[in-house]
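Numbering (the working numbering), first residue to last: 6 to 685. Even glycine gets a Cβ: it sits at the ideal position worked out from N, Cα and C. Keep in mind that this is a model prediction, so the values were computed, not measured. Have a look at the structure below before the remarks.
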Amino acid sequence: MDDNNFRMKKMVIFLMLLCIQISASVCHAQVNDWKNYLSKAWVRNIVVDGDKLYLGTDGGLAIYDKNTGRCQFLDRTNGLADNNIVGLAHHNGKWWIGGQYTGMSIYDENSFQNWQFPFALQSCFAFDDALDKVYIGAIHDIYILKDNYYTVYTPDPKADIHYYPAIQSLVLDKNGTLWFGGFTFGFLSSNGNTTLLNCGASEVNNIIIDDKDNKWLATNRGLIKYDGTSFTSYNTSGGQLSSNNVNGLAFDTNRNLWMGNWNVLVKYDGKQFSSYPLPSNYSNDWICDIAPDGNDVWVATRFHGLLRFYDGTFEQTELEKNILTQNRMHEVSTVDEKGNVCFASNDYLAQYTEKGEWKHLFPNAKDYYPAINAAAYDKRGRLWVAPNNSDTILAVIENADTTVFKRDNTPFQTGQLKQLEFDSKNHLWVGASNGLYKYDGVQWSQYNSSNSPMPGDMITSLAFDKSDRLWVGIADLGVCSFDGHNWVCHDTINSPIPYNYVDCIAVDSHNRVWMNSRYSRNGTPVMGKDYGGGLVCYDGTNWKIYNQYNSNIGGNSIVDIAIDKHDALWMAVSDIGLVRFDGENQWDAYTIYNSGLANPWPIQVQIDVKRDMIWLSYEASGGISSAKMNQGTGVEGIFVTPNGAKAIYTIEGRKVKAMTPGQIYIMRDENGKTTKVLAR
């Protein structure tokens with residue numbers, strides 16, 4: 006057996022839900038009662054189990070009862086490893102659930118067992134009961150799980166990991182041969198030999214085996230049959246399909262082969278192809294998976310959730326009244342003192358009202374993305390919104406009335422509005438891509454690099470301090486303050502600021518100015534905990550920098566900052582999650598291992614003073630999360646320092662000398678005992 010193809014990495018995977026007894030310092034809960042608000046519009050997987058459908062969605066696991074029409078939803082707040090489900094299988098009474106980012110779950114209808122592997126995207130499974138093995142397809146590799154150990158099998162060691170080569174389909178034939186498809190196609194025989202086959206496609210999305218041992222492949226070059234000797238293609242060139250993108254394959258009880266052909270459902274009876282296009286208003290959608298079920302065919306779609314195909318017609322199955330239509334949010338949010346919270350997505354501004362209801366404001370017009378560029382509440386409680394379109398530059402909502410500012414009647418003939426902020430007199434200040442603007446209710450004033458000491462015109466952040474001094478972040482040029490007459494500018498040359506890209510600023514009750522300092526390339530901030538300069542504090546005289554090397558912040562890439570009524574900072578830290586800092590010496594990290602965060606990449610943080618809640622939104626398909634704050638009782642998670650540890654390993658099995666706060670580790674003591682811990 007080739008050692009390069011089959012790397013025997015024996016790593017004990019400790020189940021995330023395992024209860025452990027350790028002697029450690031504990032963190033009393035600052036937040037609990039987590040909730041994830043997620044769209045289920047993207048259904049990737051369907052498995053029929055009697056009267057129920059199990060659906061892998063972009064917003065967790067949905068269990069739909071065909072008889073009652075009711076749906077149960079399970080996400081990370083219930084114990085699921087990852088809300089972004091890309092793989093789903095049922096075997097021997099257990100559900101195998103693959104996540105896109107943060108791990109895999111095994112669900113037995115009562116609890117979750119969560120696993121992590123070196124590479125993400127656990128999208129497919131195959132089960133070998135004779136050898137008691139489970140094959141798990143992921144990026145680059147196939148993991149072979151047996152008795153809480155796994156080995157790593159690499160079908161193509163030459164594959165460049167930078168291109169995210171994924172294994173998207175696995176199936177065992179009657180001889181125990183493992184067939185795999187994705188960025189490559191081939192098989193692993195029972196004697197350990199690998200054979201790669203050129204099927205003529207660069208993506209194999211699905212593999213299914215018929216009763217004659219033919220392998221049917223859903224690919225980006227159409228439907229392909231392999232009979233063990235040669236390939237036969239069915240595609241647009243042959244006139245059988247309307248598109249060469251085939252996704253999802255399944256046989257019904259009559260041995261008809263069903264497939265998704267972009268936005269067309271196709272049946273092949275062995276002689277001819279029959280096509281059933283999705284409804285005309287679904288023309289921008291595509292089929293992700295299919296599941297024949299008696300006289301029905303269930304269809305998973307990208308934008309319209311679950312469809313039922315019966316007697317030649319499609320019917321949308323409502324899983325829930327969607328709070329969101331998609332889970333990718335943008336760096337726009339605001340909250341008022343009444344508890345109205347707003348977050349922007351590609352499609353609209355999602356508002357959670359003071360009455361606890363969701364509303365969709367300013368739906369996207371003419372495919373401008375994102376739908377909203379900026380939003381803020383003024384001192385009177387009016388909501389100001391900068392829609393992303395070529396006509397309306399600003400809109401103001403007060404109760405049932407909306408006032409709009411047309412681009413032609415404002416100074417914004419060009420440029421985009423990026424930031425909205427109000428001073429103590431309720432005058433509007435706008436940070437745009439071409440400078441700073443003030444609106445006093447009657448007229449506009451403009452400040453830019455031509456008529457002021459501002460070093461540049463791309464505004465990235467705005468905040469007023471307690472002296473009504475405006476702090477302005479300017480892309481890659483540092484931060485300036487303006488008191489209405491005088492400007493003072495700080496950058497990496499004349500101050501200790503590590504990097505010049507500052508796109509979030511917050512001020513506490515002591516008038517200390519807190520800001521991030523991000524590393525950027527070509528004007529775009531780089532995400533990742535090791536990129537950036539950490540947290541910067543300026544008290545008017547002295548500067549102080551907090552980073553992952555001199556504090557317990559956990560990461561250097563801070564994306565957003567909010568300050569609560571106790572002057573504690575709540576920060577979105579890339580690759581870590583939510584980090585709380587009391588401003589003096591106490592740090593608390595809320596991660597995917599000890600909280601209900603949707604993922605480790607929040608991009609917006611808002612404090613809801615009325616409800617005493619914290620709200621977050623996420624870019625990487627995390628939707629919106631909320632949690633109760635300042636509960637002060639109970640234990641949210643177990644944190645340890647490495648004292649007494651003989652050896653420390655990452656969850657992937659890599660030995661390290663020190664722990665990063667908020668990350669999970671395996672500690673081995675001098676007696677050989679291992680314990681899973683969360684570092685503080």
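Segment contact, 8 angstroms Cβ cut-off, at least three pairs: the region 79-99 with the region 42-58
Verdict: yes, contact present.
Exposed or buried, which one is ASN240 when buried takes at least 16 other CB atoms within 10 Å?
For this step, residue 240 is matched to residue 235 along the sequence shown. Buried, since its Cβ has 16 or more Cβ neighbours within 10 Å.
Quick one: residues in its chain with C-beta nearer than 8 angstroms to the C-beta of PHE130, no 5 flanking neighbours on either side, listed in chain order?
Position 125 of the sequence shown, counting from 1, holds the residue named residue 130. Answer for PHE130: GLY92, ALA94, HIS96, TRP101, GLY103, VAL139, TYR140, ILE141, GLY142 and LEU175, listed in chain order.
Going residue by residue through the region 91-176, where are the continuous beta strand (DSSP E) segments of at least 3 residues, counting only ones entirely within it?
99-104, 109-112, 117-120, 129-133, 138-142, 147-151 and 154-158
Leaving out five residues on either side along the sequence, give the residues of the same chain with a beta carbon under 6 angstroms from the beta carbon of ASP274.
By one-based count along the sequence shown, residue 274 stands at place 269. The beta carbon of ASP274 sits closer than 6 angstroms to those of ASN261, all from its chain and outside the five residues before and after it, given in chain order.
Give every residue of the same chain whose Cβ lies closer than 7 angstroms to the Cβ of GLY344, excluding the five residues on either side of it in the sequence, and list them in chain order.
Within the sequence shown, residue 344 is the residue found at index 339, counting from 1. So the qualifying residues of the chain are GLU359, ASP613, LYS615 and ARG616.
By the 10 Å Cβ neighbour count, where 16 or more other Cβ atoms means buried, how is GLY533 classified, buried or exposed?
As a first step, residue 533 must be located in the sequence shown, where it is residue number 528. With fewer than 16 Cβ atoms within 10 Å of its Cβ, GLY533 is classed as exposed.
Taking all protein chains shown into account, do 16 or more other C-beta atoms lie within 10 angstroms of the C-beta of ALA405, making it buried, or fewer, making it exposed?
Here residue 405 refers to the residue found at position 400 when the sequence shown is read from its first residue. In this structure ALA405 is exposed. Its beta-carbon is surrounded by fewer than 16 other beta-carbon atoms within 10 angstroms.
Starting from the Cα of ALA381, find the closest Cα among GLU342, ASP473 and ALA632 and give me that residue.
Working through the sequence shown from its first residue, we reach residue 381 at position 376. Nearest C-alpha to ALA381: GLU342.
Just to confirm my understanding: we take PHE687, look at its own chain, exclude 5 residues before and 5 after, and list those with CB closer than 6 angstroms. What are they?
The requested residue 687 is not part of the displayed model; the chain covers only 6 to 685.
Can you give me the C-alpha to C-alpha distance between ILE172 and TYR506, rounded to a whole angstrom?
Within the sequence shown, the letter at position 167 stands for residue 172. Within the sequence shown, the letter at position 501 stands for residue 506. Approximately 38 angstroms between the Cα atoms of the pair.
Do you know offhand how far MET459's Cα is from PRO501's?
As a position in the sequence shown, residue 459 is number 454, starting the count at 1. As a position in the sequence shown, residue 501 is number 496, starting the count at 1. Looking at the two C-alpha atoms, the distance is approximately 19 angstroms.
Member of LEU66, TYR536, ASP70 and GLN421 whose CA lies at the smallest distance from the CA of PHE78:
Locating residue 78 in the sequence shown gives position 73, where the first residue counts as 1. It is LEU66.
Thinking C-beta only, is ILE597 closer than 7 angstroms to THR107?
Indexing the sequence shown from 1 puts residue 107 at position 102. Indexing the sequence shown from 1 puts residue 597 at position 592. Going by C-beta atoms, THR107 is nearer than 7 angstroms to ILE597.
Can you find a heavy atom of the ligand FMN that lies under 6 angstroms from the Cβ of GLY420?
No copy of the ligand FMN occurs in the structure displayed, which carries no ligand at all.
If the criterion is Cβ atoms closer than 7 angstroms, does the pair PRO607 and ALA577 meet it?
Locating residue 607 in the sequence shown gives position 602, counting from the first residue. Locating residue 577 in the sequence shown gives position 572, counting from the first residue. Yes; because the gap between Cβ atoms is below 7 angstroms, this pair is in contact.
Let's test the definition: count the other Cβ atoms within 10 Å of the Cβ of MET6 and tell me whether it reaches 16, buried, or not, exposed.
The residue labelled residue 6 in the question sits at position 1 within the sequence shown. Its pLDDT being 41, under 50, MET6 is placed unreliably by the model, and nothing is read from it.
Should VAL541 be labelled buried (16 or more other beta-carbon atoms within 10 Å of its own) or exposed?
Position 536 of the sequence shown, counted from the first residue, corresponds to residue 541. Buried, since its Cβ has 16 or more Cβ neighbours within 10 Å.
Would you tell me roughly how many angstroms separate the C-alpha atoms of TYR554 and ASN414, rounded to the nearest one?
Counted from its first residue, the sequence shown places residue 554 at position 549. Counted from its first residue, the sequence shown places residue 414 at position 409. Between TYR554 and ASN414, the C-alpha separation is close to 50 angstroms.
By how many angstroms is the C-alpha of GLN591 removed from the C-alpha of THR638?
For the purposes of this step, residue 638 is taken as residue 633 along the sequence shown, with counting starting at 1. For the purposes of this step, residue 591 is taken as residue 586 along the sequence shown, with counting starting at 1. Note that THR638 scores 33 on pLDDT, short of 50, meaning its location in the model is unreliable; the coordinates nonetheless yield the value given after this. Rounded to the nearest angstrom, the two C-alpha atoms are 17 angstroms apart.
Cross-strand partners of MET532 (DSSP beta bridge)
Residue mapping note: residue 532 aligns to position 527 of the sequence shown, counting from 1. Per DSSP, none; premise fails for MET532.
Which of the three DSSP states is assigned to VAL645 in this structure?
The residue labelled residue 645 in the question sits at position 640 within the sequence shown. Reliability of the predicted coordinates at VAL645 is poor, the pLDDT of 40 falling under 50, and no value is obtained from them.
Name the DSSP beta bridge partners of TRP606, please?
Position 601 of the sequence shown, counted from the start, is the residue given in the question as residue 606. Answer is none; TRP606 lacks a bridge partner.
DSSP state of TYR543 mapped onto helix, strand, coil
Against the sequence shown, residue 543 aligns to sequence position 538. The answer is strand: DSSP assigns TYR543 an E or B state.
Give me the residue from ALA305, GLN127 and TYR281 with the minimum Cα distance to GLY187.
Taking the sequence shown and counting its residues from 1, the one referred to as residue 187 is at position 182. Of ALA305, GLN127 and TYR281, the residue nearest in Cα terms is GLN127.
For a test of the three-state rule: what should DSSP assign to ASP413, helix, strand or coil?
As a position in the sequence shown, residue 413 is number 408, starting the count at 1. In this structure, ASP413 counts as helix in the three-state DSSP scheme.
PHE78: first and last residue of the uninterrupted beta strand (DSSP E) it sits in
Here residue 78 corresponds to residue number 73 of the sequence shown, with the count starting at 1. 76-79 is the span of the beta strand (DSSP E), which, as asked, contains PHE78.
Below 7 angstroms CB to CB, which residues in the same chain sit around TYR536 once its five sequence neighbours on both sides are set aside?
Taking the sequence shown and counting its residues from 1, one reaches residue 536 at position 531. Cβ neighbours of TYR536 beyond the five flanking positions: TYR524, ASN561 and SER562.
Does DSSP put SER285 in a helix, in a strand, or in coil?
By one-based count along the sequence shown, residue 285 stands at place 280. Residue state, collapsed to three classes: helix.
At least 3 beta-carbon pairs within less than 8 angstroms: the region 315-322 vs the region 350-357:
They do not touch, by the three-pair rule.
Classify LYS423: buried if its beta carbon has 16 or more other beta carbons within 10 angstroms, exposed otherwise.
Working through the sequence shown from its first residue, we reach residue 423 at position 418. It is buried - the Cβ of LYS423 has at least 16 other Cβ atoms within 10 Å.
Cα-Cα separation between LEU574 and GLN421, rounded to whole angstroms
Walking along the sequence shown from the start, residue 574 turns up at place 569. Walking along the sequence shown from the start, residue 421 turns up at place 416. Whole-angstrom Cα-Cα distance: 29 angstroms.
Residue of ASN300, THR419 and GLU323 minimising C-alpha distance to GLY310:
To locate residue 310, count along the sequence shown from 1; it is residue 305. For GLY310, the nearest C-alpha among the options comes from GLU323.
Alpha carbon to alpha carbon, how far is PRO160 from ASN9? Give it in angstroms, no decimals.
In the sequence shown, the residue the question calls residue 9 occupies position 4. In the sequence shown, the residue the question calls residue 160 occupies position 155. Any reading at ASN9 is ruled out, since the residue's pLDDT is 37, under 50, leaving its predicted position unreliable.
Three-state secondary structure (DSSP) of ASN83
On the sequence shown, position 78 is the one that residue 83 refers to. In the structure shown, ASN83 sits in a helix (DSSP, three-state: H, G or I).
In whole angstroms, what separates the C-alpha of ASP152 from that of LEU177?
Reading the sequence shown from its first residue, position 147 is the one you call residue 152. Reading the sequence shown from its first residue, position 172 is the one you call residue 177. Computed Cα separation, rounded: 20 angstroms.
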